[in-house]
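Novice: Here it is: the structure, laid out below.
Protein chains: 2
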Amino acid sequence: MRLLYHFSLDPASRFARLALAEKKLDFALREERAWERREAFLDLNPAGEVPVLVESEGATVAGAPAIVEYLDETTGGESLIGTGAVQRAEVRRLVQWFMAKFDRDVTRYLLGQKIMDRLAGRGVPDAMLIRAGLTNLRLHVDYLGWLAEHRNWLAGERFSLADIAAAAHISVIDYLGDMPWDANAAAKDWYQRIKSRPSFRPLLTDRVTGAPPPAHYADLDF
Amino acid sequence: MRLLYHFSLDPASRFARLALAEKKLDFALREERAWERREAFLDLNPAGEVPVLVESEGATVAGAPAIVEYLDETTGGESLIGTGAVQRAEVRRLVQWFMAKFDRDVTRYLLGQKIMDRLAGRGVPDAMLIRAGLTNLRLHVDYLGWLAEHRNWLAGERFSLADIAAAAHISVIDYLGDMPWDANAAAKDWYQRIKSRPSFRPLLTDRVTGAPPPAHYADLDF
Chain A
1 MRLLYHFSLD PASRFARLAL AEKKLDFALR EERAWERREA FLDLNPAGEV PVLVESEGAT
61 VAGAPAIVEY LDETTGGESL IGTGAVQRAE VRRLVQWFMA KFDRDVTRYL LGQKIMDRLA
121 GRGVPDAMLI RAGLTNLRLH VDYLGWLAEH RNWLAGERFS LADIAAAAHI SVIDYLGDMP
181 WDANAAAKDW YQRIKSRPSF RPLLTDRVTG APPPAHYADL DF
Chain B
1001 MRLLYHFSLD PASRFARLAL AEKKLDFALR EERAWERREA FLDLNPAGEV PVLVESEGAT
1061 VAGAPAIVEY LDETTGGESL IGTGAVQRAE VRRLVQWFMA KFDRDVTRYL LGQKIMDRLA
1121 GRGVPDAMLI RAGLTNLRLH VDYLGWLAEH RNWLAGERFS LADIAAAAHI SVIDYLGDMP
1181 WDANAAAKDW YQRIKSRPSF RPLLTDRVTG APPPAHYADL DF
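Protein chains in written order, with our numbering: chain A, 1 to 222; chain B, 1001 to 1222.
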């Protein structure tokens, strides 16, 4: 069976998991603690990063951007990137917004300081970096809310990779208990719709030892 | 005419410029000092980042990943991503390697500390960060050399976006005078072949005021 090397709280891994599930593809998960730099894993992806997808016939696809485009090219059904070159460009703009900009502005600070550095044995959290992440988060939640208010889904009429990329990051920040849900009703409404999708359910049962999520994390009516 | 908002030493802008030129498309360049956060530019790309492509009929495509995929979908001729889903995944893996990993490990430190922070008025270079970038660069040059030695072009038989992404970053590091060309003959040979492509010529005349490149920067036989 198709196998995805992943780490449960890694947003890029969640991006790939959600895309696989939305495409209704069967896959098994294998947790990879990439920071341990296991040699057999480095052979699969010299970048030493999750996610990596290994197809049942052995083809390896490394990295979230390659995986989601590969799935779009090789599977039938509705495209998660959408139709029409300009609409597809809008989806990819927002994927980059969340996977690169949100990651740099918010996720690295909060997930990095609160969880990943501890797991990798890189010392104690820096309160100043956490504060920077929380400040940046407010601006991003405003933009997310603006999109959710003006469009049916984030990139337009239809659910797309843009929603999946946003959900991958937002759900990790929510696991940390840092989402200011009271600050933006439109953003919260969008996330409620995301949370109730079947593709999303498995993520709500993810747990990292020693870092439990807040009570509302798995609650559909938060 | 098609217009590309860019900054000459920004690797993501170079990635888009090279893709446009390899596709033999006519385009005009407009320098955007994105750090000045000009309002009309933020309307084009709320992320406030170059590159942004504006088509003659007005369609806007923001961000390098969206631009290169858009060009691949809308223009004829040979695909710069290649053919076959697995080969295309390999090209996208390497694009991500250079545009994300190399950027994070090397370019942000060297370009950031030596040029961008000064332009944006963010203080003096930090020698420790520059040393970190130079150390990481050696590992990346080894990997680049390994790919160049084992394959015709970086992702396989044919020239692709992987070569363009690598060239976009390597050429900026070379502008700074930081490329250890004597350390890897295969990497140097690959860059010599890149430099002699017509698409690459305009980049060799780029100059940033107050930060001239080393003499060999524009030299095809360096």
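Ideal placement from N, C-alpha and C gives every residue a C-beta, glycine not left out.
In chain order, what residues of the same chain have a beta carbon less than 8 Å from the beta carbon of threonine 205 of chain A, not counting five sequence neighbours either side?
Specialist: So the list reads Ala218, once near-sequence residues are dropped.
Novice: If you compare alpha carbons, which of B/Leu1003, B/Ala1047, B/Leu1111 and B/Gly1048 is closest to aspartate 1026 of chain B?
Specialist: Ranking B/Leu1003, B/Ala1047, B/Leu1111 and B/Gly1048 by Cα distance to aspartate 1026 of chain B puts B/Leu1003 first.
Novice: Starting from the beta carbon of arginine 88 of chain A, find every residue of chain B whose beta carbon is closer than 9 Å, and list them in chain order.
Specialist: What arginine 88 of chain A touches in chain B: Ala1066, Glu1069, Tyr1070 and Glu1073.
Novice: Tell me which residues share the same chain as threonine 1060 of chain B and place their Cβ nearer than 6 Å to its Cβ, disregarding the 5 neighbours each side in the sequence.
Specialist: Same-chain partners within the cutoff: Leu1044 and Val1054.
Novice: With distances taken Cα to Cα, identify the nearest neighbour of aspartate 174 of chain A among A/Tyr191, A/Ser160 and A/Leu161.
Specialist: Measuring from the Cα of aspartate 174 of chain A, the nearest candidate turns out to be A/Tyr191.
Novice: Does serine 13 of chain A pass the burial test, meaning 16 or more other C-beta atoms within 10 Å, or should it be called exposed?
Specialist: It is buried - the Cβ of serine 13 of chain A has at least 16 other Cβ atoms within 10 Å.
Novice: As a quick exercise: from B/Leu1029, B/Arg1030, B/Arg1108 and B/Ala1066, pick the residue whose alpha carbon is nearest that of proline 1011 of chain B.
Specialist: It is B/Arg1108 whose Cα lies nearest to the Cα of proline 1011 of chain B.
Novice: Between glutamate 32 of chain A and phenylalanine 41 of chain A, is the Cβ-Cβ spacing less than 9 Å?
Specialist: Their beta carbons are under 9 Å apart, which means glutamate 32 of chain A touches phenylalanine 41 of chain A by this criterion.
Novice: Against chain A, with Cβ distances strictly below 9 Å, would arginine 1014 of chain B count as a contact?
Specialist: Answer no: the Cβ-Cβ gap between arginine 1014 of chain B and chain A never drops below 9 Å.
Novice: What residue from B/Met1001, B/Arg1201, B/Ala1019 and B/Arg1138 has the CA that sits closest to aspartate 1163 of chain B's CA?
Specialist: Here the closest residue by C-alpha is B/Ala1019.
Novice: Would isoleucine 1115 of chain B and leucine 1009 of chain B be called neighbours here (beta carbons separated by less than 9 Å)?
Specialist: Against a cut-off of 9 Å, the Cβ pair of leucine 1009 of chain B and isoleucine 1115 of chain B comes out as a contact.
Novice: Could you check whether the region 89-104 of chain A touches the region 1062-1080 of chain B, counting it as contact only if at least three pairs of C-beta atoms, one from each stretch, sit closer than 8 Å?
Specialist: They touch, by the three-pair rule.
Novice: Flag valine 54 of chain A as yes if its beta-carbon sits less than 9 Å from any beta-carbon of chain B, otherwise no.
Specialist: By this cut-off, valine 54 of chain A is not an interface position.
Novice: Of all the CB atoms in chain C, is at least one closer than 9 Å to the CB of valine 1050 of chain B?
Specialist: In summary, chain C is missing from the structure at hand, where the protein chains are A and B.
Novice: Please say whether histidine 140 of chain A and valine 232 of chain A have beta carbons closer to each other than 9 Å?
Specialist: Absent from the model: residue 232 of chain A. The displayed extent of chain A is 1 to 222, so no value can be given.
Novice: I'd like to know if glutamine 1096 of chain B contacts chain A, where contact means its C-beta is closer than 9 Å to some C-beta of that chain.
Specialist: So yes, glutamine 1096 of chain B belongs to the interface.
Novice: Taking CB distances under 9 Å as the criterion, tell me whether arginine 1122 of chain B reaches chain A.
Specialist: It does not: the Cβ of arginine 1122 of chain B has no partner Cβ on chain A nearer than 9 Å.
Novice: Quick one: is tyrosine 1143 of chain B near chain A, going by C-beta distance under 9 Å?
Specialist: It does: the Cβ of tyrosine 1143 of chain B has a partner Cβ on chain A nearer than 9 Å.
Novice: If we count the other Cβ atoms within 10 Å of its Cβ and call it buried at 16 or more, is valine 1124 of chain B buried or exposed?
Specialist: When all chains shown are included, valine 1124 of chain B counts as exposed.
Novice: Taking 9 Å as the threshold (beta carbon to beta carbon), is glycine 1156 of chain B in contact with chain A?
Specialist: No, no contact with chain A.
Novice: Closer than 8 Å is the cut-off here; do at least three beta carbon pairs connect the region 135-150 of chain A with the region 176-188 of chain A?
Specialist: Output reads yes: the region 176-188 of chain A touches the region 135-150 of chain A.
Novice: Would alanine 1062 of chain B pass as an interface residue toward chain A - the criterion being a Cβ-Cβ separation below 9 Å?
Specialist: By this cut-off, alanine 1062 of chain B is an interface position.
Novice: Whose CA, out of A/Gly77, A/Ser199 and A/Val52, lies closest to the CA of alanine 168 of chain A?
Specialist: The shortest C-alpha separation from alanine 168 of chain A is found at A/Ser199.
Novice: Determine whether the beta carbon atoms of leucine 1080 of chain B and leucine 1176 of chain B lie at a separation below 9 Å.
Specialist: Their beta carbons are not under 9 Å apart, which means leucine 1080 of chain B does not touch leucine 1176 of chain B by this criterion.
Novice: Output, in sequence order along the chain, the residues in the region 31-46 of chain A whose CB is closer than 9 Å to any CB in chain B.
Specialist: Residues Asn45 and Pro46.
Novice: Work out the CA separation of arginine 1017 of chain B and tryptophan 1181 of chain B for me, nearest whole Å.
Specialist: Straight-line Cα distance between these residues: approximately 24 Å.
Novice: Roughly how many angstroms separate the alpha carbons of aspartate 221 of chain A and serine 196 of chain A, rounded to a whole number?
Specialist: In a straight line, the C-alpha of aspartate 221 of chain A is about 10 Å away from that of serine 196 of chain A.
Novice: According to DSSP, is threonine 1075 of chain B helix, strand or coil?
Specialist: Of the three classes helix, strand and coil, the one that applies to threonine 1075 of chain B here is coil, per DSSP.
Novice: What is the DSSP secondary structure of leucine 1129 of chain B, reduced to helix, strand or coil?
Specialist: Looking at leucine 1129 of chain B - three-state DSSP - the assignment turns out to be helix.
Novice: Our contact map puts aspartate 178 of chain A next to leucine 134 of chain A with C-beta atoms below 8 Å; I'd like the distance itself, whole angstroms only.
Specialist: Indeed they touch by this definition, with Cβ atoms about 6 Å apart.
Novice: Check whether the Cβ atoms of glutamate 69 of chain A and alanine 1165 of chain B sit closer than 9 Å, and answer yes or no.
Specialist: Not in contact: glutamate 69 of chain A and alanine 1165 of chain B (Cβ atoms no closer than 9 Å).
Novice: Residues of chain B with CB under 7 Å from alanine 85 of chain A, in chain order?
Specialist: Within chain B, the residues near alanine 85 of chain A are Tyr1070, Glu1073 and Thr1074.
Novice: Does any CB atom of chain B fall closer than 9 Å to the CB of alanine 132 of chain A?
Specialist: Cβ-Cβ to chain B under 9 Å: no for alanine 132 of chain A.
Novice: Identify which residue in B/Ala1021, B/Glu1036, B/Glu1039 and B/Trp1035 has its Cα closest to the Cα of isoleucine 1067 of chain B.
Specialist: Of the listed residues, the one whose Cα sits closest to isoleucine 1067 of chain B is B/Ala1021.
Novice: Nearest chain A C-beta to alanine 1059 of chain B closer than 9 Å, yes or no?
Specialist: It does; some Cβ of chain A falls within 9 Å.
Novice: How many Å lie between leucine 154 of chain A and histidine 1216 of chain B at the Cα?
Specialist: Straight-line Cα distance between these residues: approximately 47 Å.
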